[in-house]
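Note that the protein sequences, when read in sequence, are chains A and B. Reminder that position 32 of the first sequence reads as 32 in the numbering used here, one-by-one numbering, no gaps. Adding 265 to a residue's 1-based position in the second sequence gives its number in the numbering used here.
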Amino acid sequence: MLELEFMRLALGAGAVVGVLAPAVGFFLVQRRQSLVGDGIGHVAFAGVAAGILLDVSPILTALVAALLGGVAIEFLRSKGGTAGDQALALVFYTGIAAGVVLVSAAGALNVDLFQYLFGSILTVTRTDLAIIAALGAVGLATVGLLYRPLAGIVVDEEGARVAGVPIGALNVTVAALAAVTVALSMRVVGILLVAALMVLPVSAASRIAWSMRSAFLLSIAVGLVSVLTGLTISYYADLPPGGTIVLVAAGAFCLAFAAGTLRGR
Amino acid sequence: MSLAIDLDGVSFAYRAGQNVLESVDLEIGEGEFVAIAGPNGGGKTTLVRIVLGLERPSEGTASLYGEPAHRFSRRRTLGYLAQRSELGGDAPATVREVVSAGRLAAGGLLGPLRRRDRELVTGAIERVGLGDVADTPVRTLSGGMQQRAFIAKALAGEPSILVLDEPTTGVDAESQESLASLLARLHSELGATILYVSHEFGAVEHFVERLVLVRRTIVFDGSPQALPGVWHDPSHAHA
């Protein structure tokens, strides 16, 4: 398998996303915002459609759309007085509706679009990998630098707000990180499954971890192993990579759930 | 004694014409241990939120050390235990991780905690008597111990004002007593201004110097011993 360049590139891109998605998703899941990644994914769909319509790189337009969507969700949630789930629903449906209209206008309901919806990791080029690695490194460095305040907000947001911690700026940073993660993950698992990699490894890790830090690190480990295992299985069993990766992550969650339940007895 | 908290003619309404607080005048000196009591829905939490600068009065002014509360420049010196404080998320944060969050504002946001911060965290954990369970997930502890962990978190920030909103909710009577004596000890050791907010004040009655009863406005302000007997009757408080 490793003698094939397309598999080496796929494993490289997959490894970056397998680490970044749960690292960012950790802070969304712990704050009961698991579906934010999904909402941003829907907006990214509109971005992809706009890219196809305008004949610009769909990844670039998806990144811009995802950033706008992520910040919009955070703004509506915190400033607009709109309940969090309603803010998410608004962005979800607006994104998907805009995507459908733009796709129709571009006459692009074809294979090109499907590779963004369901992922196309086996077509990752060296340039793609360089971009994914560079943006992934920036994302991971940001998470590493901000781990303590982000974890502190999970512990007690109101207490942190009273003490003058800039909650709003940190929330917008998480939304922006989630947007970058979605845009990078599109090629690996596709827009429709992107949120799964941000949520399932974290849910699995939280059931077997012994501290918050261990939950964070285990989330990353589960994400990485899920991507690499899923890609390997998909190669040998001739299965779609995106779906296989997410099914492996779901399997990891089931195992962790069982282990956590047994341990609790 | 200089003033730590000063509310002057404060009124507040979440909806126009429906005042939750009306003409509240309250001065609390530095280092006082004050219980704020009153019936549920009487405006205690709103009053606390105004003191902490989380809400701005519809009328009147709220000041902390002479500065407007909502623009208070030394927010890192405010310790706050919110009503029904409980851990967000599923991750099993340990006592040490919870208490470390108390050093966020004072210890800087970026990178790992420095040695002095770690020492303050350990000191706060020891102070509330949770040294033996410092690395245990908070969620596996009793309600009383969880509250102690959050109090330690507030203490780790070295607060000059410590506000506890209904800290005994969901805590058994024995833990309430021990929590009250812990606060009394912390008050004498640290000299911080402490606001203990509760719908009932039985647990702290013997420890606080001053009791303030709030029912939309302040209906009693003085020593707990001077409280008219009728106010001790819970049915009165809820009338």
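A virtual CB, placed ideally from N, CA and C, is assigned to each residue, including glycine.
*DSSP state of A504/B mapped onto helix, strand, coil*: Below a pLDDT of 50, predicted positions are generally treated as unreliable, and A504/B, at 38, falls in that range; no measurement from the model is reported.
_Please determine whether the Cβ atom of I459/B lies at a distance below 7 Å from any heavy atom of the ligand GDP._
No copy of the ligand GDP occurs in the structure displayed, which carries no ligand at all.
*If Y345/B and A419/B are in contact, beta carbons under 8 Å, what's the gap, nearest whole angstrom?*
6 Å
*Give the single residue among G190/A, I132/A, R77/A whose Cα lies nearest to the Cα of I167/A.*
R77/A
*State whether the region 87 to 99 of chain A contacts the region 197 to 216 of chain A, with contact taken as three or more CB pairs (one from each stretch) at a distance under 8 Å.*
no
*Find the nearest neighbour of E230/A within the set N171/A, R32/A, V246/A, A169/A, judged by alpha-carbon distance.*
Reading off the sequence, residue 230/A comes out as Gly, not Glu. With distances taken between Cα atoms, G230/A lies closest to V246/A.
*Beta-carbon of D355/B versus every beta-carbon of chain C: anything under 8 Å?*
Given the protein chain composition of this structure (A and B), no chain C is represented.
_Under 9 Å, CB to CB, which of the residues in the region 440 to 458 of chain B have a partner in chain A?_
none
*Excluding the 5 residues preceding and the 5 following L268/B in the sequence, name in chain order all residues of the same chain whose CB lies nearer than 8 Å to its CB.*
E292, I293, G294, E295, S328, Y330, G331
*How would you call A160/A, buried or exposed, if buried means at least 16 neighbouring beta carbons within 10 angstroms?*
buried
*asked:* With a threshold of 7 Å on Cβ separation, who are the neighbours of S500/B within its own chain once the five nearest residues in sequence on each side are excluded?
replied: Bear in mind that the predicted position of S500/B carries a pLDDT of just 47, short of 50, making it unreliable; the figure below should be weighed with that in mind. Cβ neighbours of S500/B beyond the five flanking positions: none.
_Endpoints, alpha helix (DSSP H) assigned at S338/B_ = Premise fails: S338/B is in no alpha helix (DSSP H) and is neither H nor E.
*Three-state secondary structure assigned by DSSP to G12/A*: helix
*In chain order, which alpha helix (DSSP H) runs of at least 4 residues are fully inside the region 144 to 213 of chain A?*
157 to 162, 167 to 189, 194 to 208
*For the alpha helix (DSSP H) that G325/B lies in, which residues bound it at each end?*
G325/B -> not in any alpha helix (DSSP H); beta strand (DSSP E) instead, spanning 324 to 329.
*Could you pull out every residue in the same chain whose Cβ sits closer than 6 Å to the Cβ of V393/B, ignoring the five residues on either side in sequence?*
R413, I416, A417
*Going straight from the alpha carbon of H503/B to that of L177/A, what length do you get?*
Residue confidence for H503/B is low, a pLDDT of 46 falling below 50, so the modelled location carries little weight; the figure read from the coordinates is stated next. The alpha-carbon atoms of H503/B and L177/A are separated by roughly 49 Å.
*Going by Cα to Cα distance, which pick from E442/B, G422/B, A358/B, D437/B is closest to T405/B?*
A358/B
*Close Cβ partners of A65/A (< 6 Å) along its chain, the five nearest in sequence each way excluded*: V43, A44, A46, G47
*Give a yes or no on whether the minimum CB-CB distance between G409/B and chain A is below 8 Å.*
no
*the region 133 to 150 of chain A: which residues have C-beta closer than 8 Å to a C-beta of chain B, in chain order?*
L145, L146, R148, P149
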